[in-house]
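So the structure is just underneath, and the comments pick up after that.
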Amino acid sequence: MTLPVGARQTAPVEAGIDRLLSVQRPLVIAHVRGIRQRHPGATPAEIVTILERHYLAAVTTGGAAVGASAVIPGVGFGISLALSGVETAGFLETSALFAQSVTEVHGIAVEDPERARTLVMTMMLGTAGSDLVKQLAGQAAGVGPSRGRFWGELVTKSLPQAAMGQVGDRVKRVFVKRFAATQGASIIGRAIPFGIGAVIGGTGNHMLGRKVVTSARDAFGPPPESFPLVLEPKVRPVRVQTARSRIALPRFGKTASEPKAPRARKTPRPPKP
Numbered sequence: 001m002t003l004p005v006g007a008r009q010t011a012p013v014e015a016g017i018d019r020l021l022s023v024q025r026p027l028v029i030a031h032v033r034g035i036r037q038r039h040p041g042a043t044p045a046e047i048v049t050i051l052e053r054h055y056l057a058a059v060t061t062g063g064a065a066v067g068a069s070a071v072i073p074g075v076g077f078g079i080s081l082a083l084s085g086v087e088t089a090g091f092l093e094t095s096a097l098f099a100q101s102v103t104e105v106h107g108i109a110v111e112d113p114e115r116a117r118t119l120v121m122t123m124m125l126g127t128a129g130s131d132l133v134k135q136l137a138g139q140a141a142g143v144g145p146s147r148g149r150f151w152g153e154l155v156t157k158s159l160p161q162a163a164m165g166q167v168g169d170r171v172k173r174v175f176v177k178r179f180a181a182t183q184g185a186s187i188i189g190r191a192i193p194f195g196i197g198a199v200i201g202g203t204g205n206h207m208l209g210r211k212v213v214t215s216a217r218d219a220f221g222p223p224p225e226s227f228p229l230v231l232e233p234k235v236r237p238v239r240v241q242t243a244r245s246r247i248a249l250p251r252f253g254k255t256a257s258e259p260k261a262p263r264a265r266k267t268p269r270p271p272k273p
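Here it is as structure tokens:
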């Protein structure tokens, strides 16, 4: 079967996005545990704030670094475009890690890759994405647009698996079109020389990152009061060595200062007659 030209062009893009947004759950859990170990007294709300701050810093500096490469001697327009493509992939991966980390703090385990990808793409679409999810969820249930429920819960657990494929495909098509248009202009902007590219790259990524942060807050509402057990930092057992165990005790029956007994001398044999 011959695919239409548009389908042939978007299929590799969709496959690449699927690969970049596939963050394994153990990596997400280890990421949140590491932050909790560095901030042992932080509440779930404070951990979410730290996740937001780290995420915005990562995506902003990434865009500015690629934009700054345009003013480096020997780095041409083509190389700047290639670097921008690498930075775009990093933006998607960082966004996926942030979105799933916030989800875990809210006590929702996302082990289905399709649900995880749909969650991240909806966050990056902003209000348009959340409205689309609510509309599709209402159609799947045979009612109007879903109201009174956080859309993040619809994507991650409430929506039946049978309807998840249709919702995920619709969100992906909208995401690919909008993200390609947005990032296309941003990539050209980052390749502009004379230092302007760094400003465009950093500002553009920061604005898109702010949209993801706002969408994450709207997706699940306020953070819970306590952490789920899976996010408790692992405590390594500490081996306690007492002073008595460090003393080299002598062997039983002997003392360390006990002198050795002298060997008995052999009695000389009498001469033979």
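If you're matching positions, the sequence shown starts at 1 in UniProt numbering and goes up one per residue. Think of the CB as a built atom: it goes at the ideal place given N, C-alpha and C, for glycine as much as any other residue.
Between residue i and residue j, is the Cβ-Cβ spacing less than 8 Å?
| i | j | result |
| --- | --- | --- |
| H54 | F220 | no |
| M121 | V212 | no |
| L154 | V174 | no |
| V48 | P223 | yes |
| T156 | R115 | yes |
| G138 | V171 | no |
| V102 | R25 | no |
| G90 | L119 | no |
| V23 | L97 | yes |
Does the beta-carbon of residue i have 16 or more other beta-carbons within 10 angstroms, so that it is buried, or is it exposed?
| i | result |
| --- | --- |
| G78 | For G78, the predicted model reports a pLDDT of 39, less than 50, meaning its position is unreliable; a value from the coordinates is still stated below. Burial call: exposed. |
| G168 | buried |
| M164 | buried |
| L125 | buried |
| L208 | buried |
| L27 | exposed |
| P44 | buried |
| Q100 | buried |
| E52 | buried |
| S215 | buried |
Note down, in chain order, each residue of its chain lying with its Cβ closer than 8 Å to the Cβ of residue i, except the 5 sequence neighbours on either side.
| i | result |
| --- | --- |
| L231 | I29, V32, R33, R36, E104, V105 |
| H39 | E46, I47, I50 |
| A57 | none |
| I108 | G152, E153, T156, K157, F220 |
| T94 | Y55, A58, V59, G62 |
Quick one: what's got a C-beta closer than 7 Å to residue i's C-beta in the same chain, skipping five residues either side?
| i | result |
| --- | --- |
| D18 | R117 |
| P73 | Residue placement at P73 is poorly supported in this model, since its pLDDT is 40, which falls under 50; the coordinates are not used for a value here. |
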